[in-house]
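Trainee:
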Amino acid sequence: MAKTKIKVNNNGSLIVAGDIEIVNKNGNVYDLGGREQVTLCRCGLSSNKPFCDGSHRNHFEHEAIAFDLPPKKV
1 MAKTKIKVNN NGSLIVAGDI EIVNKNGNVY DLGGREQVTL CRCGLSSNKP FCDGSHRNHF
61 EHEAIAFDLP PKKV
């Protein structure tokens, strides 16, 4: 089984690829239509949330730079 990969785009969406299942707050599954890759909205402007429709263009700024999280609290 392929590892799930999430790519954070500059000024845009999250690309999620691999063996994925997306559920809503009640646990209901979104039908992904056989897709193995989807883009998720992070700007809040999409009319197709949780999926990206490109509405963020020229309205959302974020430089995607990877960093390490602090150690998990016990």
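Position 6 (the sequence shown) corresponds to 6 in full-length UniProt numbering; numbering is contiguous.
Just so it is clear, CB atoms sit at the ideal spot from N, CA and C, and this is done for glycine as well.
Taking Leu69 and Leu40 to be in contact with their CB atoms under 8 Å, please state how far apart those CB atoms are, rounded to whole angstroms.
Mentor: Position 69 of the sequence shown, counted from the start, is the residue given in the question as residue 69. Position 40 of the sequence shown, counted from the start, is the residue given in the question as residue 40. Rounded, the Cβ-Cβ distance is 20 Å, inconsistent with contact.
Trainee: Have a look at Gly12, Lys5, Asn28, Gly18 and flag the residue whose alpha-carbon is nearest the alpha-carbon of Ser46.
Mentor: The sequence position of residue 46 within the sequence shown is 46, counting from 1. When only C-alpha atoms are compared, the closest one is Gly12.
Trainee: The beta strand (DSSP E) with Ala17 in it runs from where to where?
Mentor: One-based indexing of the sequence shown puts residue 17 at position 17. Start and end: 14-17.
Trainee: Taking 7 Å as the CB-CB cut-off, is Gly12 touching chain D?
Mentor: Although the question refers to chain D, the structure presented lacks it and comprises just one protein chain.
Trainee: Just the Cα atoms here: how many angstroms apart are Glu21 and Val74?
Mentor: Looking up residue 21 in the sequence shown gives position 21. Looking up residue 74 in the sequence shown gives position 74. About 29 Å.
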